[in-house]
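Worksheet for the structure shown next.
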């Protein structure tokens, strides 16, 4: 995992790091999710270089896990 440490000791994740965490959505899907407030907003380091705060992404994953408890499936009895 190619992590970048900032001066505030935050770890930043690249697009490849997201893939290692199992987040395989396309860039345009991630942008839509970010705009809808359904995924952590990227941090733009330069024109084409973006990253995400690791803690925000891990919190998002944990929230998705917690959501599973409320899912109801059509074939569940």
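In this note's numbering, the protein residues as written are 1177 to 1253. We put the CB at the ideal spot given by N, CA and C, even for glycine. Predicted model, so just to flag it, every value in this text is computed and none were measured.
Inter-residue distance for residue 1191 and residue 1205 is about 13 Å (C-alpha atoms, whole angstroms). In the DSSP assignment, residue 1229 falls within the unbroken beta strand (DSSP E) covering 1226 to 1229. The Cβ-Cβ distance between residue 1233 and residue 1194 falls below 8 Å. In terms of CA proximity to residue 1200, 1237 leads the group 1213, 1237, 1242.
Taking all protein chains shown into account, residue 1221 has fewer than 16 neighbouring C-beta atoms within 10 Å of its C-beta and is therefore exposed.
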